[in-house]
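Below is one structure, written out as C-alpha coordinates; comments come after it.
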Amino acid sequence: MELNDDPGPIDSYVLYDQDNHVSSAVWDGQERGVLRCHEHTSMLDQWKLTPKQIKLVEKAGFGYLRLLPAMSLDNALIAALVERWRRETNSFHLTVGELTITLEDVALLLGLAIDGEPVIGPISAPSSVCDKLLGRVPEDLNGGMVKLTWLKEFFSECPEDASLEVTERCTRAYLLYLVGSTIFSTTTGNKVPVMYLSLFENFDKAGKFAWGAGALAFLYRALGNASLKSQSTISGCLTLVQCWSYSRLNVGQPKFNQEPDNNCFPFVLKWKGKSGSRTKCNVVSYRKALDSLDPCYVQWLPYKDMDFTAIPEDIKNSLNLRASRTMLLCFDKAERHLPDRCLRQFGMHQTIPKNVERWERKSRIVDHGVDLMGKMDLAVKEWSERWLHIVEGGDIADEGEYMQWYQKITRKYIGRVTSSLESEYQRTVTAMREIANIADIMSTEGLDSYNRNLLDEVKNIVHKCLTEQSEEMPREKVSKKGSRKRRQKDNLNVEYE
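Written out as C-alpha coordinates, the structure is:
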(Lines of atoms letter the chains of each structure in order from A and count residues from 1; the text may use other names and numbers.)
(Lines give C-alpha, C1' and ligand atoms only; values in the text may rest on other atoms or scores of the structure.)
Protein backbone atom coordinates (compact mmCIF):
# COMPACT_ATOMS: atom_id res chain seq x y z
CA MET A 1 0.00 0.00 0.00
CA GLU A 2 1.33 3.40 -0.98
CA LEU A 3 1.28 6.24 1.53
CA ASN A 4 -1.54 8.14 -0.18
CA ASP A 5 -3.61 5.21 -1.45
CA ASP A 6 -7.36 5.78 -1.43
CA PRO A 7 -8.72 3.28 1.12
CA GLY A 8 -12.06 3.15 -0.72
CA PRO A 9 -14.74 2.59 -1.51
CA ILE A 10 -14.17 4.01 -5.00
CA ASP A 11 -17.83 3.38 -5.82
CA SER A 12 -20.02 3.93 -2.76
CA TYR A 13 -23.31 2.40 -3.92
CA VAL A 14 -22.72 -0.66 -1.69
CA LEU A 15 -20.99 0.89 1.34
CA TYR A 16 -23.14 4.00 1.36
CA ASP A 17 -22.75 4.61 5.12
CA GLN A 18 -18.96 5.02 5.06
CA ASP A 19 -18.96 8.44 6.74
CA ASN A 20 -20.48 6.97 9.90
CA HIS A 21 -18.25 3.89 9.98
CA VAL A 22 -15.44 3.54 12.50
CA SER A 23 -12.91 3.09 9.69
CA SER A 24 -13.40 6.75 8.71
CA ALA A 25 -12.42 7.83 12.21
CA VAL A 26 -9.40 5.50 12.32
CA TRP A 27 -8.18 6.77 8.95
CA ASP A 28 -8.36 10.31 10.34
CA GLY A 29 -6.24 9.29 13.33
CA GLN A 30 -9.08 8.93 15.85
CA GLU A 31 -8.39 5.63 17.60
CA ARG A 32 -11.10 4.25 19.88
CA GLY A 33 -9.08 1.31 21.22
CA VAL A 34 -10.73 -1.89 22.41
CA LEU A 35 -14.48 -2.29 22.61
CA ARG A 36 -16.11 -3.05 25.92
CA CYS A 37 -17.41 -6.57 25.38
CA HIS A 38 -20.53 -7.64 27.26
CA GLU A 39 -20.88 -11.39 27.68
CA HIS A 40 -21.17 -13.35 30.92
CA THR A 41 -20.36 -17.02 30.35
CA SER A 42 -18.07 -17.14 33.39
CA MET A 43 -20.95 -17.57 35.85
CA LEU A 44 -22.98 -20.19 33.98
CA ASP A 45 -21.33 -23.14 35.70
CA GLN A 46 -22.49 -21.81 39.08
CA TRP A 47 -26.06 -22.87 38.28
CA LYS A 48 -26.74 -26.32 39.71
CA LEU A 49 -29.24 -28.01 37.39
CA THR A 50 -31.07 -31.14 38.42
CA PRO A 51 -31.62 -34.01 35.92
CA LYS A 52 -35.25 -32.86 35.55
CA GLN A 53 -34.08 -29.33 34.70
CA ILE A 54 -31.56 -30.57 32.14
CA LYS A 55 -34.36 -32.45 30.35
CA LEU A 56 -36.46 -29.27 30.23
CA VAL A 57 -33.50 -27.24 28.96
CA GLU A 58 -32.93 -29.79 26.18
CA LYS A 59 -36.64 -29.81 25.35
CA ALA A 60 -36.54 -26.00 24.99
CA GLY A 61 -33.68 -26.24 22.46
CA PHE A 62 -30.71 -25.24 24.63
CA GLY A 63 -29.13 -28.57 25.47
CA TYR A 64 -25.95 -27.65 23.61
CA LEU A 65 -25.80 -23.93 24.39
CA ARG A 66 -25.68 -24.75 28.10
CA LEU A 67 -22.32 -26.47 27.39
CA LEU A 68 -20.84 -23.18 26.16
CA PRO A 69 -17.45 -22.88 27.86
CA ALA A 70 -16.34 -19.81 29.79
CA MET A 71 -13.88 -18.30 27.34
CA SER A 72 -11.48 -15.43 27.82
CA LEU A 73 -12.56 -12.89 25.22
CA ASP A 74 -9.88 -11.24 23.12
CA ASN A 75 -11.38 -7.75 23.12
CA ALA A 76 -8.71 -6.40 20.78
CA LEU A 77 -9.37 -9.11 18.16
CA ILE A 78 -13.11 -8.51 18.36
CA ALA A 79 -12.56 -4.74 18.00
CA ALA A 80 -10.35 -5.26 14.92
CA LEU A 81 -12.96 -7.54 13.33
CA VAL A 82 -15.71 -4.99 14.01
CA GLU A 83 -13.67 -2.40 12.10
CA ARG A 84 -14.13 -4.69 9.09
CA TRP A 85 -17.86 -5.34 9.65
CA ARG A 86 -20.30 -3.54 7.34
CA ARG A 87 -23.94 -3.33 8.29
CA GLU A 88 -24.86 -2.45 4.69
CA THR A 89 -24.02 -6.05 3.72
CA ASN A 90 -23.92 -7.85 7.11
CA SER A 91 -20.44 -9.13 6.34
CA PHE A 92 -16.76 -8.59 7.08
CA HIS A 93 -14.99 -6.76 4.25
CA LEU A 94 -11.51 -8.30 4.16
CA THR A 95 -8.75 -8.02 1.58
CA VAL A 96 -9.68 -11.45 0.15
CA GLY A 97 -13.37 -10.60 -0.26
CA GLU A 98 -16.42 -10.75 1.98
CA LEU A 99 -16.88 -13.30 4.74
CA THR A 100 -19.65 -13.51 7.28
CA ILE A 101 -21.07 -15.49 10.18
CA THR A 102 -23.81 -17.65 8.68
CA LEU A 103 -26.59 -19.90 9.93
CA GLU A 104 -24.19 -22.81 9.42
CA ASP A 105 -21.71 -21.30 11.88
CA VAL A 106 -24.41 -20.79 14.51
CA ALA A 107 -25.72 -24.34 14.09
CA LEU A 108 -22.33 -26.06 14.21
CA LEU A 109 -20.47 -23.87 16.69
CA LEU A 110 -23.32 -23.36 19.17
CA GLY A 111 -25.65 -26.29 18.43
CA LEU A 112 -28.72 -24.06 18.09
CA ALA A 113 -31.65 -24.79 15.77
CA ILE A 114 -31.63 -22.67 12.60
CA ASP A 115 -34.99 -23.86 11.31
CA GLY A 116 -38.36 -23.28 12.94
CA GLU A 117 -40.60 -20.48 14.14
CA PRO A 118 -39.22 -16.92 14.22
CA VAL A 119 -38.09 -15.71 17.65
CA ILE A 120 -41.01 -13.37 18.29
CA GLY A 121 -43.49 -13.54 21.12
CA PRO A 122 -46.15 -11.61 22.99
CA ILE A 123 -45.18 -8.40 24.75
CA SER A 124 -46.80 -8.26 28.18
CA ALA A 125 -46.20 -6.21 31.32
CA PRO A 126 -42.84 -7.43 32.75
CA SER A 127 -44.12 -7.63 36.33
CA SER A 128 -47.07 -9.85 35.37
CA VAL A 129 -44.81 -12.11 33.25
CA CYS A 130 -42.36 -12.57 36.13
CA ASP A 131 -45.16 -13.23 38.61
CA LYS A 132 -46.83 -15.79 36.33
CA LEU A 133 -43.74 -17.66 35.11
CA LEU A 134 -41.29 -17.22 37.99
CA GLY A 135 -43.63 -16.77 40.93
CA ARG A 136 -41.62 -13.76 42.05
CA VAL A 137 -41.20 -10.14 40.90
CA PRO A 138 -37.93 -8.21 41.28
CA GLU A 139 -38.07 -4.78 42.89
CA ASP A 140 -36.15 -3.18 40.03
CA LEU A 141 -37.75 -3.74 36.61
CA ASN A 142 -36.68 -0.52 34.91
CA GLY A 143 -36.94 -0.69 31.14
CA GLY A 144 -38.53 -4.14 31.29
CA MET A 145 -35.19 -5.71 32.22
CA VAL A 146 -34.21 -7.95 35.11
CA LYS A 147 -30.75 -8.21 36.66
CA LEU A 148 -28.83 -11.42 36.00
CA THR A 149 -27.65 -11.38 39.61
CA TRP A 150 -31.29 -11.43 40.80
CA LEU A 151 -32.05 -14.50 38.71
CA LYS A 152 -28.96 -16.28 40.05
CA GLU A 153 -29.67 -15.32 43.67
CA PHE A 154 -33.20 -16.75 43.77
CA PHE A 155 -33.21 -19.57 41.21
CA SER A 156 -29.70 -21.04 40.74
CA GLU A 157 -30.20 -23.96 43.13
CA CYS A 158 -33.32 -26.02 42.58
CA PRO A 159 -33.94 -28.78 45.17
CA GLU A 160 -33.82 -32.34 43.78
CA ASP A 161 -37.25 -33.05 45.32
CA ALA A 162 -38.85 -29.78 44.15
CA SER A 163 -42.38 -29.83 42.79
CA LEU A 164 -42.94 -29.63 39.03
CA GLU A 165 -44.03 -25.99 39.36
CA VAL A 166 -40.86 -24.97 41.26
CA THR A 167 -38.65 -26.97 38.87
CA GLU A 168 -40.18 -25.24 35.83
CA ARG A 169 -39.82 -21.80 37.42
CA CYS A 170 -36.16 -22.37 38.25
CA THR A 171 -35.56 -23.70 34.72
CA ARG A 172 -37.22 -20.68 33.10
CA ALA A 173 -35.03 -18.41 35.22
CA TYR A 174 -31.97 -20.38 34.10
CA LEU A 175 -32.94 -20.12 30.42
CA LEU A 176 -33.47 -16.37 30.76
CA TYR A 177 -30.07 -16.10 32.45
CA LEU A 178 -28.48 -18.30 29.76
CA VAL A 179 -29.71 -16.26 26.78
CA GLY A 180 -29.09 -12.99 28.63
CA SER A 181 -25.48 -14.02 29.25
CA THR A 182 -24.79 -15.28 25.74
CA ILE A 183 -26.85 -14.93 22.56
CA PHE A 184 -28.98 -11.99 23.76
CA SER A 185 -26.49 -10.21 26.02
CA THR A 186 -27.03 -6.45 26.15
CA THR A 187 -24.75 -3.45 26.52
CA THR A 188 -26.17 -2.85 30.00
CA GLY A 189 -23.73 -5.54 31.05
CA ASN A 190 -25.82 -7.22 33.75
CA LYS A 191 -29.48 -7.25 32.65
CA VAL A 192 -31.73 -9.20 30.29
CA PRO A 193 -35.11 -8.17 28.82
CA VAL A 194 -38.04 -9.97 30.44
CA MET A 195 -39.75 -10.32 27.03
CA TYR A 196 -37.76 -13.51 26.30
CA LEU A 197 -39.27 -15.15 29.38
CA SER A 198 -42.68 -15.50 27.71
CA LEU A 199 -41.11 -17.83 25.12
CA PHE A 200 -40.23 -20.29 27.90
CA GLU A 201 -43.76 -20.67 29.27
CA ASN A 202 -44.20 -23.95 27.40
CA PHE A 203 -40.97 -25.93 26.99
CA ASP A 204 -42.25 -27.98 24.05
CA LYS A 205 -43.22 -24.82 22.15
CA ALA A 206 -39.90 -23.21 23.06
CA GLY A 207 -38.13 -26.07 21.29
CA LYS A 208 -39.85 -25.16 18.02
CA PHE A 209 -38.21 -21.71 17.70
CA ALA A 210 -35.26 -21.11 15.37
CA TRP A 211 -33.06 -19.90 18.23
CA GLY A 212 -29.95 -19.92 16.03
CA ALA A 213 -31.56 -17.58 13.50
CA GLY A 214 -32.68 -15.30 16.34
CA ALA A 215 -29.18 -15.30 17.83
CA LEU A 216 -27.70 -14.36 14.44
CA ALA A 217 -30.22 -11.53 13.93
CA PHE A 218 -29.29 -10.17 17.35
CA LEU A 219 -25.55 -10.50 16.63
CA TYR A 220 -25.79 -8.85 13.20
CA ARG A 221 -27.53 -5.87 14.82
CA ALA A 222 -24.91 -5.72 17.61
CA LEU A 223 -22.00 -5.86 15.13
CA GLY A 224 -23.62 -3.18 12.99
CA ASN A 225 -24.11 -0.86 15.95
CA ALA A 226 -20.56 -1.43 17.20
CA SER A 227 -19.14 -0.64 13.73
CA LEU A 228 -20.34 2.96 14.00
CA LYS A 229 -17.64 5.41 15.04
CA SER A 230 -19.87 6.81 17.79
CA GLN A 231 -19.97 3.46 19.68
CA SER A 232 -17.56 1.95 22.21
CA THR A 233 -19.39 -1.20 23.38
CA ILE A 234 -20.62 -4.44 21.85
CA SER A 235 -22.99 -7.20 22.96
CA GLY A 236 -24.39 -10.41 21.49
CA CYS A 237 -22.69 -13.81 21.44
CA LEU A 238 -19.05 -12.71 21.26
CA THR A 239 -17.80 -16.23 21.94
CA LEU A 240 -19.36 -17.09 18.56
CA VAL A 241 -17.54 -14.17 16.89
CA GLN A 242 -14.21 -15.16 18.41
CA CYS A 243 -14.51 -18.88 17.62
CA TRP A 244 -15.73 -18.08 14.10
CA SER A 245 -12.54 -16.05 13.61
CA TYR A 246 -10.37 -18.82 15.11
CA SER A 247 -11.98 -21.33 12.74
CA ARG A 248 -11.58 -19.30 9.56
CA LEU A 249 -8.72 -16.82 9.91
CA ASN A 250 -5.08 -17.33 10.86
CA VAL A 251 -5.24 -14.27 13.14
CA GLY A 252 -5.10 -14.41 16.93
CA GLN A 253 -5.60 -18.17 17.15
CA PRO A 254 -4.66 -19.74 20.51
CA LYS A 255 -1.73 -22.12 20.63
CA PHE A 256 -2.91 -25.42 22.07
CA ASN A 257 -0.86 -27.35 24.59
CA GLN A 258 -2.32 -30.50 23.04
CA GLU A 259 -4.12 -31.34 19.81
CA PRO A 260 -7.73 -30.00 19.98
CA ASP A 261 -10.63 -32.44 19.91
CA ASN A 262 -12.37 -32.39 16.50
CA ASN A 263 -14.97 -34.96 17.55
CA CYS A 264 -16.89 -32.86 20.08
CA PHE A 265 -20.21 -31.12 19.55
CA PRO A 266 -21.00 -28.28 19.49
CA PHE A 267 -17.78 -27.39 17.68
CA VAL A 268 -17.18 -24.34 19.91
CA LEU A 269 -15.82 -26.84 22.46
CA LYS A 270 -12.77 -27.27 20.25
CA TRP A 271 -11.70 -23.79 21.36
CA LYS A 272 -12.48 -24.27 25.04
CA GLY A 273 -10.84 -21.37 26.86
CA LYS A 274 -8.35 -23.07 29.16
CA SER A 275 -6.94 -25.62 26.70
CA GLY A 276 -4.28 -23.36 25.24
CA SER A 277 -2.59 -19.99 25.30
CA ARG A 278 -2.14 -17.13 22.89
CA THR A 279 0.04 -14.09 22.56
CA LYS A 280 -1.92 -10.99 23.46
CA CYS A 281 -2.00 -8.33 20.74
CA ASN A 282 -3.53 -4.88 20.59
CA VAL A 283 -6.08 -3.57 18.10
CA VAL A 284 -3.40 -2.03 15.88
CA SER A 285 -1.51 -5.34 15.55
CA TYR A 286 -4.67 -7.24 14.64
CA ARG A 287 -5.66 -4.49 12.21
CA LYS A 288 -2.32 -4.80 10.46
CA ALA A 289 -2.79 -8.57 10.20
CA LEU A 290 -6.29 -8.20 8.73
CA ASP A 291 -5.19 -5.42 6.36
CA SER A 292 -2.55 -7.75 4.91
CA LEU A 293 -4.51 -11.03 5.09
CA ASP A 294 -3.42 -13.51 2.44
CA PRO A 295 -5.99 -15.86 0.82
CA CYS A 296 -3.92 -18.89 1.79
CA TYR A 297 -4.52 -18.07 5.46
CA VAL A 298 -8.32 -18.26 5.12
CA GLN A 299 -10.10 -21.51 5.97
CA TRP A 300 -13.10 -21.33 3.67
CA LEU A 301 -14.39 -24.76 4.80
CA PRO A 302 -13.36 -25.10 8.44
CA TYR A 303 -15.82 -27.87 9.31
CA LYS A 304 -14.92 -30.38 6.58
CA ASP A 305 -12.55 -32.29 8.88
CA MET A 306 -14.91 -32.30 11.86
CA ASP A 307 -16.79 -35.42 12.91
CA PHE A 308 -20.20 -35.06 11.25
CA THR A 309 -21.53 -38.15 13.01
CA ALA A 310 -21.57 -36.04 16.19
CA ILE A 311 -24.06 -33.57 14.68
CA PRO A 312 -27.71 -34.15 15.72
CA GLU A 313 -29.95 -35.22 12.84
CA ASP A 314 -32.31 -32.23 13.13
CA ILE A 315 -29.42 -29.79 12.79
CA LYS A 316 -27.83 -31.82 9.99
CA ASN A 317 -31.12 -31.81 8.05
CA SER A 318 -31.40 -28.02 8.26
CA LEU A 319 -27.86 -27.13 7.15
CA ASN A 320 -28.97 -26.26 3.61
CA LEU A 321 -30.44 -23.10 5.15
CA ARG A 322 -26.86 -21.86 5.48
CA ALA A 323 -27.27 -20.65 1.87
CA SER A 324 -30.76 -19.15 2.28
CA ARG A 325 -31.10 -15.51 1.28
CA THR A 326 -33.68 -14.57 3.87
CA MET A 327 -34.59 -12.32 6.78
CA LEU A 328 -33.56 -13.23 10.33
CA LEU A 329 -35.75 -12.14 13.24
CA CYS A 330 -35.40 -11.59 16.95
CA PHE A 331 -38.44 -9.75 18.34
CA ASP A 332 -38.10 -6.16 17.00
CA LYS A 333 -34.84 -6.87 15.13
CA ALA A 334 -34.89 -7.94 11.46
CA GLU A 335 -31.58 -8.51 9.68
CA ARG A 336 -30.73 -9.82 6.21
CA HIS A 337 -28.88 -13.11 5.77
CA LEU A 338 -26.92 -12.71 2.52
CA PRO A 339 -24.97 -15.91 1.73
CA ASP A 340 -24.62 -14.98 -1.97
CA ARG A 341 -21.91 -12.54 -0.84
CA CYS A 342 -19.70 -15.30 0.62
CA LEU A 343 -20.25 -18.39 -1.55
CA ARG A 344 -16.70 -19.64 -1.01
CA GLN A 345 -17.74 -20.45 2.57
CA PHE A 346 -19.99 -23.13 1.05
CA GLY A 347 -17.44 -24.51 -1.41
CA MET A 348 -18.85 -22.54 -4.37
CA HIS A 349 -17.19 -20.10 -6.76
CA GLN A 350 -17.85 -16.48 -5.86
CA THR A 351 -19.72 -14.37 -8.40
CA ILE A 352 -20.75 -10.73 -8.19
CA PRO A 353 -23.68 -10.79 -5.73
CA LYS A 354 -27.06 -9.15 -6.11
CA ASN A 355 -27.44 -5.55 -5.06
CA VAL A 356 -28.59 -5.13 -1.48
CA GLU A 357 -31.59 -2.88 -1.15
CA ARG A 358 -31.08 -0.12 1.37
CA TRP A 359 -33.22 -0.81 4.39
CA GLU A 360 -33.78 1.28 7.43
CA ARG A 361 -33.22 -0.48 10.73
CA LYS A 362 -36.21 0.77 12.63
CA SER A 363 -36.01 1.14 16.39
CA ARG A 364 -39.43 -0.21 17.22
CA ILE A 365 -40.69 0.63 20.68
CA VAL A 366 -41.69 -2.66 22.23
CA ASP A 367 -44.76 -1.59 24.24
CA HIS A 368 -46.85 -3.91 26.36
CA GLY A 369 -49.68 -5.50 24.41
CA VAL A 370 -48.17 -4.65 21.01
CA ASP A 371 -48.80 -7.13 18.18
CA LEU A 372 -45.17 -7.35 17.13
CA MET A 373 -45.91 -10.13 14.63
CA GLY A 374 -48.22 -7.73 12.79
CA LYS A 375 -45.61 -4.96 12.74
CA MET A 376 -43.01 -7.38 11.36
CA ASP A 377 -45.31 -9.07 8.83
CA LEU A 378 -43.07 -8.53 5.77
CA ALA A 379 -39.99 -9.86 7.55
CA VAL A 380 -41.97 -12.81 8.94
CA LYS A 381 -43.24 -13.62 5.43
CA GLU A 382 -39.68 -13.58 4.08
CA TRP A 383 -38.55 -15.96 6.81
CA SER A 384 -41.49 -18.28 6.07
CA GLU A 385 -40.20 -18.59 2.48
CA ARG A 386 -36.60 -19.33 3.56
CA TRP A 387 -36.49 -22.75 1.85
CA LEU A 388 -37.46 -21.18 -1.49
CA HIS A 389 -34.41 -18.92 -1.66
CA ILE A 390 -31.36 -21.18 -1.42
CA VAL A 391 -28.59 -19.53 -3.48
CA GLU A 392 -26.30 -21.33 -5.88
CA GLY A 393 -22.77 -20.49 -7.00
CA GLY A 394 -21.50 -19.75 -10.46
CA ASP A 395 -19.89 -22.23 -12.84
CA ILE A 396 -16.78 -20.12 -13.44
CA ALA A 397 -13.41 -21.15 -12.01
CA ASP A 398 -11.82 -17.69 -12.39
CA GLU A 399 -12.99 -15.21 -9.76
CA GLY A 400 -10.99 -12.34 -11.25
CA GLU A 401 -14.10 -10.50 -12.38
CA TYR A 402 -15.52 -10.65 -8.86
CA MET A 403 -12.29 -9.36 -7.28
CA GLN A 404 -12.09 -6.46 -9.77
CA TRP A 405 -15.63 -5.49 -8.82
CA TYR A 406 -14.94 -5.99 -5.11
CA GLN A 407 -11.87 -3.74 -5.09
CA LYS A 408 -14.06 -0.87 -6.28
CA ILE A 409 -16.86 -1.24 -3.75
CA THR A 410 -14.96 -2.20 -0.59
CA ARG A 411 -12.98 -0.39 2.07
CA LYS A 412 -9.52 -1.77 1.34
CA TYR A 413 -7.60 -0.48 4.35
CA ILE A 414 -8.46 0.52 7.90
CA GLY A 415 -5.12 1.93 9.09
CA ARG A 416 -2.76 4.22 7.19
CA VAL A 417 0.84 3.45 6.36
CA THR A 418 2.93 5.67 8.64
CA SER A 419 6.54 6.33 9.46
CA SER A 420 8.04 4.23 12.24
CA LEU A 421 8.03 7.09 14.78
CA GLU A 422 4.38 7.94 14.15
CA SER A 423 3.46 4.26 14.27
CA GLU A 424 5.18 3.85 17.64
CA TYR A 425 3.33 6.91 18.94
CA GLN A 426 0.00 5.47 17.82
CA ARG A 427 0.76 2.09 19.42
CA THR A 428 1.62 3.77 22.72
CA VAL A 429 -1.57 5.84 22.74
CA THR A 430 -3.71 2.86 21.79
CA ALA A 431 -2.17 0.71 24.52
CA MET A 432 -2.78 3.41 27.13
CA ARG A 433 -6.39 3.78 26.02
CA GLU A 434 -6.88 0.05 26.38
CA ILE A 435 -5.45 0.20 29.92
CA ALA A 436 -7.73 3.16 30.70
CA ASN A 437 -10.79 1.29 29.40
CA ILE A 438 -9.99 -1.78 31.50
CA ALA A 439 -9.37 0.33 34.62
CA ASP A 440 -12.59 2.33 34.11
CA ILE A 441 -14.84 -0.73 33.81
CA MET A 442 -13.10 -2.81 36.46
CA SER A 443 -15.41 -3.44 39.42
CA THR A 444 -14.25 -2.34 42.87
CA GLU A 445 -16.66 -4.75 44.54
CA GLY A 446 -14.78 -6.89 47.05
CA LEU A 447 -11.63 -4.75 46.97
CA ASP A 448 -10.26 -3.38 50.22
CA SER A 449 -9.41 0.32 50.56
CA TYR A 450 -5.72 -0.25 49.74
CA ASN A 451 -6.46 -1.94 46.40
CA ARG A 452 -9.18 0.58 45.57
CA ASN A 453 -6.64 3.36 46.04
CA LEU A 454 -4.17 1.51 43.82
CA LEU A 455 -6.80 1.22 41.07
CA ASP A 456 -7.61 4.93 41.37
CA GLU A 457 -3.91 5.72 41.09
CA VAL A 458 -3.63 3.63 37.91
CA LYS A 459 -6.62 5.50 36.43
CA ASN A 460 -5.14 8.90 37.30
CA ILE A 461 -1.71 8.06 35.85
CA VAL A 462 -3.09 6.67 32.60
CA HIS A 463 -5.57 9.50 32.03
CA LYS A 464 -2.85 12.06 32.81
CA CYS A 465 -0.52 10.41 30.27
CA LEU A 466 -3.28 10.40 27.63
CA THR A 467 -3.89 14.09 28.22
CA GLU A 468 -0.17 14.85 27.86
CA GLN A 469 0.14 12.67 24.75
CA SER A 470 -2.70 14.54 23.04
CA GLU A 471 -0.80 17.79 23.62
CA GLU A 472 2.55 16.46 22.38
CA MET A 473 2.19 15.26 18.79
CA PRO A 474 5.32 13.72 17.26
CA ARG A 475 7.20 16.00 14.92
CA GLU A 476 6.74 13.65 11.99
CA LYS A 477 2.97 13.87 12.44
CA VAL A 478 2.83 17.63 11.89
CA SER A 479 5.43 17.88 9.15
CA LYS A 480 4.51 19.41 5.82
CA LYS A 481 3.54 17.38 2.77
CA GLY A 482 6.71 18.43 0.98
CA SER A 483 9.00 17.02 3.62
CA ARG A 484 6.92 13.83 3.73
CA LYS A 485 7.44 13.39 -0.02
CA ARG A 486 11.20 13.92 0.44
CA ARG A 487 11.25 11.24 3.12
CA GLN A 488 9.46 8.88 0.75
CA LYS A 489 12.21 9.44 -1.81
CA ASP A 490 14.77 8.54 0.83
CA ASN A 491 13.10 5.12 1.20
CA LEU A 492 12.15 5.60 4.83
CA ASN A 493 10.87 2.38 6.41
CA VAL A 494 7.11 2.42 6.90
CA GLU A 495 4.72 0.43 9.04
CA TYR A 496 0.99 0.03 9.50
CA GLU A 497 -0.87 2.16 11.94
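Each residue of the sequence shown is one higher than the one before, starting from 139 at the first, in my numbering. Cβ atoms here follow ideal geometry from the backbone N, Cα and C, with glycine treated the same way.
Bridge-paired residues (DSSP) for residue i
i, result
"cysteine 419", "DSSP, once it has assigned bridges, lists no residue as partnering cysteine 419."
"valine 284", "Val330"
"cysteine 434", "Partner(s): none; cysteine 434 has no beta bridge."
"isoleucine 372", "Cys175"
"isoleucine 528", "Ser462"
"tryptophan 223", "Phe230"
"glutamate 255", "Phe347"
"alanine 601", "Here residue 601 is histidine; the residue named in the question, alanine, does not match the sequence. Histidine 601 is not bridged to any residue."
"glutamate 295", "Lys186"
Beta-carbon gap between residue i and residue j smaller than 8 Å
i, j, result
"phenylalanine 230", "threonine 240", "no"
"glycine 235", "glutamine 488", "yes"
"alanine 461", "isoleucine 528", "yes"
"valine 160", "lysine 367", "yes"
"glycine 553", "leucine 481", "no"
"isoleucine 216", "leucine 376", "yes"
"threonine 233", "aspartate 478", "no"
"threonine 279", "tyrosine 315", "The sequence given here has leucine at residue 279, not threonine. Not a contact, by the Cβ cut-off of 8 Å."
"threonine 548", "glycine 259", "no"
"tyrosine 435", "asparagine 401", "no"
"leucine 313", "valine 406", "no"
"valine 220", "alanine 364", "yes"
"serine 265", "valine 257", "no"
"threonine 582", "leucine 593", "yes"
"serine 336", "serine 262", "yes"
Rounded straight-line distance, which links the Cα of residue j to that of residue i
i, j, result
"alanine 208", "methionine 444", "22 Å"
"lysine 546", "aspartate 149", "6 Å"
"leucine 600", "arginine 571", "A small correction: the amino acid at residue 600 is valine; leucine does not occupy that position in the sequence shown. Distance between the alpha carbons of valine 600 and arginine 571: 8 Å."
"aspartate 578", "glycine 584", "16 Å"
"arginine 174", "proline 189", "36 Å"
"phenylalanine 292", "leucine 361", "33 Å"
"threonine 305", "alanine 353", "26 Å"
"glutamate 539", "proline 491", "12 Å"
"valine 164", "methionine 580", "26 Å"
"valine 172", "glycine 199", "33 Å"
"asparagine 575", "alanine 214", "12 Å"
"lysine 197", "isoleucine 453", "14 Å"
"tyrosine 151", "threonine 227", "11 Å"
"serine 383", "alanine 245", "16 Å"
"leucine 467", "arginine 359", "10 Å"
"arginine 307", "aspartate 253", "27 Å"
"cysteine 296", "serine 210", "28 Å"
"serine 162", "glutamate 277", "44 Å"
"alanine 569", "asparagine 420", "7 Å"
"glutamine 483", "tyrosine 154", "25 Å"
"valine 567", "alanine 311", "43 Å"
"aspartate 144", "lysine 408", "40 Å"
"arginine 463", "serine 385", "23 Å"
"glutamine 156", "phenylalanine 403", "39 Å"
"serine 456", "glutamate 242", "9 Å"
"asparagine 340", "glutamine 184", "25 Å"
"leucine 187", "methionine 486", "43 Å"
"threonine 325", "alanine 517", "25 Å"
"glutamine 168", "glutamine 380", "25 Å"
"threonine 309", "lysine 410", "25 Å"
"methionine 514", "arginine 222", "29 Å"
"cysteine 603", "aspartate 586", "26 Å"
"leucine 476", "methionine 465", "9 Å"
"aspartate 432", "alanine 355", "29 Å"
Delimiting residues of the beta strand (DSSP E) encompassing residue i
i, result
"phenylalanine 230", "229 to 232"
"leucine 466", "464 to 468"
"lysine 471", "471 to 475"
Continuous alpha helix (DSSP H) stretch holding residue i: start and end
i, result
"valine 518", "515 to 522"
"threonine 240", "Here threonine 240 belongs to no alpha helix (DSSP H), and DSSP marks it neither H nor E."
"alanine 353", "349 to 364"
"arginine 386", "376 to 386"
"arginine 307", "302 to 319"
"methionine 580", "Unbroken run through methionine 580: none, as it is neither H nor E."
"glutamate 539", "538 to 547"
"aspartate 452", "451 to 455"
"valine 164", "160 to 165"
"serine 265", "264 to 272"
- Would you call the stretch 417 to 429 and the stretch 197 to 206 in contact, with 3 or more CB pairs under 8 Å? no
- Query: Does the stretch 246 to 261 touch the stretch 448 to 457, meaning 3 or more C-beta pairs lie closer than 8 Å?
  - Reply: yes
- Query: Counting pairs of beta carbons, one from the stretch 269 to 277 and one from the stretch 521 to 531, are three or more of them closer than 8 Å?
  - Reply: no
- Message: Check whether the stretch 380 to 395 and the stretch 345 to 355 are in contact - that is, three or more C-beta pairs closer than 8 Å.
- Response: no
- Query: Three or more beta-carbon pairs under 8 Å between the stretch 282 to 292 and the stretch 323 to 331, yes or no?
  - Reply: yes
- Query: Does the stretch 313 to 323 touch the stretch 167 to 185, meaning 3 or more C-beta pairs lie closer than 8 Å?
  - Reply: yes
- Message: For the pair the stretch 299 to 315 and the stretch 371 to 389, tell me if three or more CB-CB distances fall below 8 Å.
- Response: no
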